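Residue numbers (the UniProt record's numbering), protein chains in the order written: chain A, 1 to 587; chain B, 1 to 587. For glycine and all other residues, C-beta sits at the position ideal for the given N, C-alpha and C. If you're wondering where the values come from, they're calculated on a predicted model, not measured in any experiment. First the structure, in the form of structure tokens, and then the observations on it.
Spelled out as structure tokens, the structure:
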């Protein structure tokens with residue numbers, strides 16, 4: 001038997017019991033005739049004592065010579081500590097060891113196994129199995145486990161059935177790039193790994209499953225960034241005989257359940273619903289961070305026509321009011337100007353106006369504006385003494401709003417308004433059905449081709465497709481889009497029309513999605529659903545900057561697993577069996 | 001709003017309530033001025049009545065003209081039925097409909113949506129979304145959902161953490177054939193889809209996760225049969241600081257939990273443990289069906305040397321005793337002889353002996369054996385009056401035992417001893433570590449290369465590898481191997497030695513499993529685990545003959561999804577991006 005207890009469980013109530021623990025050596029300290037060892041496992045750390053007065057010299061010698069991360073089993077008696085450690089739950093006791101066996105030695109690890117480690121990113125990725133030993137990393141995986149379990153419990157309670165949809169499916173060129181899998185039994189043909197189980201969950205609705213969900217791996221072969229991985233996990237859901245409001249209510253319930261069970265936060269209120277148009281107008285983003293207000297105010301009427309060329313020629317002038325920030329120094333304001341001018345943001349410049357304690361407004365463009373106009377600015381912005389008004393302008397409304405969005409988020413961060421332990425939830429609704437792409441001169445589905453237009457907008461499909469609103473919705477928490485979905489088209493003819501508007505020929509639509517449109521001919525119910533990004537949601541709850549930190553074995557930016565060294569070359573026999581040849585390439 | 005209630009929920013307690021239901025038209029019947037419609041959803045069926053005396057002619061006309069599988073919404077009043085249907089929970093009531101809307105029409109489905117359908121296998125696979133509408137098919141998916149959920153609840157309660165391991169990993173030629181995924185970002189290189197998360201779960205033990213599980217898709221590119229699919233689902237588990245008995249106890253607990261919560265069966269007893277050697281000796285199989293006894297009895301001593309050439313030259317003679325089957329007719333016995341002679345089984349012939357009511361034994365080889373010898377046979381077999389003794393012999397012990405195993409299972413089935421609602425659980429233990437392969441003249445790992453030999457057998461690794469027993473175990477229920485696992489090697493040097501015995505060069509072992517052996521150098525704990533085949537287990541609980549019936553969207557024997565028509569050709573641009581070319585092949 002390896003242990004009677006874990007390293008996190010012994011207390012003063014266990015005094016004088018003989019126990020056996022197994023775990024990793026966190027630290028060995030020698031003090032006089034005593035050797036203290038911190039023994040660690042997933043559940044905690046317990047102090048072992050090897051005392052030369054009561055234990056054998058041989059045992060104490062062996063204890064002294066143990067290294068960090070050795071795996072041992074120790075048997076001894078639970079004793080009260082003379083100097084207690086109030087920082088850990090087992091800090092009142094220690095084990096006076098009488099027997100000890102080394103189960104496995106360890107080389108000196110390449111970085112320290114502590115929350116604050118000396119290991120760099122690359123080293124920790126290469127030795128991910130050691131990085132995962134650190135409490136702060138492993139606890140993210142525990143959080144992920146608990147979140148997934150609570151999602152399942154909640155959805156099961158609401159009558160949802162988890163159904164596994166296939167991983168080896170059919171490649172569809174629309175949307176992101178597929179990972180493909182050559183078929184040995186069907187030479188020259190390929191499966192694709194799913195980007196989402198979208199069509200399968202819709203087929204399950206056609207099958208009358210009524211309420212489906214699945215926590216499922218999805219795949220996209222796209223270039224990577226901090227919050228993208230080639231494989232990611234979705235909480236995928238679909239319901240039949242529902243309207244948009246039914247879906248929102250159900251998943252608000254799930255979200256509140258997660259806040260309650262995982263974060264201990266009770267959310268009583270219904271989540272606000274914000275039209276996509278308003279989100280863009282007031283926050284310059286379809287995923288506004290509503291932990292703080294600082295909405296955009298349009299200033300065309302106030303600031304145009306006063307001889308300031310930049311504004312006079314602008315298609316958009318917008319401002320935000322940073323409460324109490326009038327004390328910003330010239331240096332801080334210059335830094336903000338530099339911030340908005342960075343290539344990633346691309347604004348040409350920033351205008352500011354301070355509201356002084358006496359109510360006077362001092363701006364960086366005072367020479368163009370009278371105090372009267374500046375007071376009008378102040379009124380329009382709702383600014384009060386000691387507030388700072390920041391203004392951006394530009395030729396392109398959407399682009400300038402995006403720049404102002406970045407500035408707003410930066411100011412929110414600087415003013416401490418984006419606390420990771422404060423949560424603000426929101427539904428963004430009424431998305432446009434289509435996005436126009438200038439480059440290819442065609443419409444793309446903003447959500448996906450299965451999204452239903454709002455019934456009242458259907459006539460516009462023929463006359464003004466760009467104005468059609470979709471029955472689509474995103475759930476946004478703290479400026480992070482954690483999930484999104486839509487009411488789907490369940491009518492075969494309307495689905496066919498959507499594919500036409502998206503530039504599919506009849507043949508191409510049939511070839512790729514014929515099975516779905518065919519299914520719609522046999523009694524498809526009205527249905528809708530949504531999908532959450534589990535990785536993002538766990539990151540949000542864990543306060544992480546990157547989704548990588550909540551994935552046990554993530555890939556790097558080149559799509560490589562540097563720990564196992566994958567991908568890698570395969571044998572020629574494997575290629576032959578698949579009827580494949582490699583073409584020349586530069587590596 | 002689409003519905004106030006589901007089609008499975010209304011009872012006499014709802015009388016006179018106005019309700020709205022949505023669902024599929026199962027059947028339309030006209031009787032006098034009334035039209036009866038059975039409306040179906042996942043939850044049940046409710047009878048709608050359209051009565052020309054109280055409802056409008058237009059409404060009744062529309063009702064009469066609805067077809068099977070149309071989707072409708074109907075509003076009306078809950079009424080007591082005059083002729084009740086005691087076979088369904090809603091059989092006491094019906095809905096007098098006052099309003100009805102067709103939500104979607106349906107073409108006539110290609111087969112009837114009933115438990116007993118007129119659709120053949122191929123048609124039902126092509127229209128799988130309609131096949132899944134049938135209650136008997138959908139209920140398998142519901143069972144699967146509940147089993148997976150109960151597994152998660154149980155394991156969570158036991159401190160197991162579900163961790164998602166990657167799907168895009170590294171190809172290893174050892175074992176079954178991998179599905180591979182070409183990497184666009186790493187030209188000429190491939191990921192593999194996991195055959196199991198084996199190495200990752202062992203790394204998680206090295207990381208101190210202590211108790212891991214995952215319900216996870218796995219992939220094998222092998223030729224298919226009824227109980228094999230290219231993608232299948234494992235319940236994958238691993239524990240640290242455990243010995244074999246700890247693992248068996250934990251998963252016996254899980255199994256009992258599933259029997260209790262899913263099948264309503266309480267199993268009080270500890271599962272019997274049977275050595276692999278005994279399983280082969282007494283049942284000719286490493287997964288004996290222990291719902292019935294009928295053990296093999298070796299008959300070499302009794303039957304050899306009496307001048308019957310077939311037996312005299314045999315390396316093995318074994319018999320089974322079929323209780324009460326002495327009444328088998330000549331025709332039945334001939335059929336059994338034909339059965340064992342089938343090419344799949346390959347026995348040369350079968351000898352039988354009847355114990356008559358007076359105790360006399362009559363055999364098919366009477367001319368070689370005296371009644372005295374036949375009485376000795378009877379005694380050795382433990383046969384009583386009216387029992388039937390069936391005997392096979394052959395030159396190859398293992399092969400003959402397998403033939404006798406098939407005969408035993410067939411007799412068990414014929415005698416009604418293999419009831420699908422009776423369950424017999426068993427652990428088969430003490431597997432050999434290696435299997436010798438005559439063709440390639442090398443040892444293969446019987447379980448996998450990470451399985452630990454029994455400590456007391458380690459010295460035999462150098463002298464007699466074939467005799468080394470493994471700390472490996474299979475859980476067998478009703479002759480189905482539902483799961484299996486082992487205590488793993490956690491010592492870097494022993495793991496290296498295993499790879500040597502399996503014919504890996506040092507370089508090859510390093511290239512493929514270096515990351516694991518390297519990980520073992522940094523304090524790997526003793527660990528072990530197992531994996532269950534979820535598909536098989538669900539099939540067993542559902543009483544299905546094929547795992548296909550518990551998979552929502554299975555592949556056919558050619559690895560094709562005939563519904564979505566995958567795999568399929570991909571665009572040349574996709575091939576170019578992957579630096580791949582197709583080689584000539586015949587299709």
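Opposing strand residues paired with residue i [DSSP bridges]
i: residue 76 of chain A; result: A:19 and A:97
i: residue 298 of chain B; result: B:318
i: residue 362 of chain B; result: B:354
i: residue 51 of chain A; result: A:34
i: residue 217 of chain B; result: B:233
i: residue 104 of chain B; result: B:71
i: residue 29 of chain B; result: B:36
i: residue 604 of chain B; result: Nothing about residue 604 of chain B can be read from this structure; chain B reaches only from 1 to 587.
Partner residues on chain A for residue i, Cβ-Cβ distance less than 7 Å
i: residue 185 of chain B; result: 558 and 559
i: residue 235 of chain B; result: Near residue 235 of chain B there are no residues of chain A at all, since even the closest Cβ is about 13 Å away, more than 7 Å.
i: residue 488 of chain B; result: Within chain A, no residue comes near residue 488 of chain B; the closest Cβ sits about 12 Å away, beyond 7 Å.
i: residue 544 of chain B; result: Residues of chain A passing the Cβ test: none, with the nearest at roughly 16 Å.
i: residue 541 of chain B; result: Within chain A, no residue comes near residue 541 of chain B; the closest Cβ sits about 16 Å away, beyond 7 Å.
Option nearest residue i by Cα separation, candidates the options
i: residue 523 of chain B; options: B:240, B:258 and B:334; result: B:240
i: residue 71 of chain A; options: A:38, A:81, A:49 and A:79; result: A:38
i: residue 238 of chain B; options: B:211, B:257, B:215 and B:216; result: B:211
i: residue 87 of chain A; options: A:60, A:281, A:46 and A:74; result: A:46
i: residue 430 of chain A; options: A:277, A:353 and A:420; result: A:277
i: residue 122 of chain A; options: A:484, A:101, A:554 and A:570; result: A:554
i: residue 575 of chain A; options: B:425, B:192 and B:475; result: B:192
i: residue 274 of chain B; options: B:499, B:426 and B:29; result: B:426
i: residue 556 of chain B; options: B:59, B:386 and B:224; result: B:224
i: residue 357 of chain A; options: A:376, A:348 and A:323; result: A:323
i: residue 109 of chain A; options: A:69, A:140 and A:139; result: A:69
i: residue 94 of chain B; options: B:21, B:325, B:510 and B:454; result: B:21
i: residue 279 of chain B; options: B:270, B:289 and B:271; result: B:289
i: residue 472 of chain B; options: B:370, B:465, B:130 and B:529; result: B:529
i: residue 482 of chain B; options: B:236, B:19, B:111 and B:66; result: B:236
Span of the alpha helix (DSSP H) around residue i
i: residue 245 of chain B; result: 244-258
i: residue 41 of chain B; result: Careful: residue 41 of chain B lies outside any alpha helix (DSSP H), inside the beta strand (DSSP E) at 34-41.
i: residue 63 of chain B; result: 57-64
i: residue 157 of chain A; result: 135-157
Neighbouring residues, chain A, relative to residue i (Cβ below 9 Å)
i: residue 570 of chain B; result: 171, 173, 178, 180, 189, 190 and 192
i: residue 574 of chain B; result: 171, 173, 177, 178, 180 and 190
i: residue 499 of chain B; result: Result: empty, since nearest Cβ-Cβ is about 16 Å, beyond 9 Å.
Extent of the continuous beta strand (DSSP E) run through residue i
i: residue 486 of chain B; result: 480-487
i: residue 435 of chain A; result: 434-437
i: residue 119 of chain A; result: Looking at the DSSP string, residue 119 of chain A is not in any beta strand (DSSP E), and its letter there is neither H nor E.
i: residue 273 of chain B; result: 273-275
i: residue 529 of chain A; result: 527-533
Chain B residues whose Cβ lies nearer than 7 Å to that of residue i
i: residue 585 of chain A; result: 187, 188 and 579
i: residue 129 of chain A; result: 203, 206, 207 and 519
Residue i: contacting residues in chain B (beta-carbon distance under 8 Å)
i: residue 448 of chain A; result: What residue 448 of chain A touches in chain B: nothing, since even the nearest Cβ is about 17 Å away.
Neighbour list for residue i in chain B, Cβ cutoff strictly below 9 Å
i: residue 139 of chain A; result: Residues of chain B passing the Cβ test: none, with the nearest at roughly 11 Å.
Check your understanding: When Cβ atoms are compared, which residues of the segment 163-184 of chain B fall closer than 8 Å to chain A?
Key -> 163, 164, 165, 166, 167, 168, 169, 170, 171, 173, 177, 178, 179, 180, 181, 182, 183 and 184
Point to revise | Residues from the segment 8-29 of chain B in contact with chain A, defined by Cβ distance under 9 Å | key: 22, 23, 24 and 25
Review point. Any residues in the segment 307-333 of chain B with a beta carbon nearer than 7 Å to a beta carbon of chain A? Which ones, in chain order?
Key: none
Review point. Got a sec: which bits of the segment 60-82 of chain A sit with their beta carbon under 7 Å from any beta carbon on chain B, in order along the chain?
Key: 69, 70 and 71
Review point. Of the residues that make up the segment 236-265 of chain A, which ones have a beta carbon closer than 9 Å to any beta carbon in chain B?
Key: 240, 241, 242, 243 and 246
Review point. If you measure beta-carbon to beta-carbon, which residues of the segment 433-457 of chain A are closer than 7 Å to chain B?
Key: none
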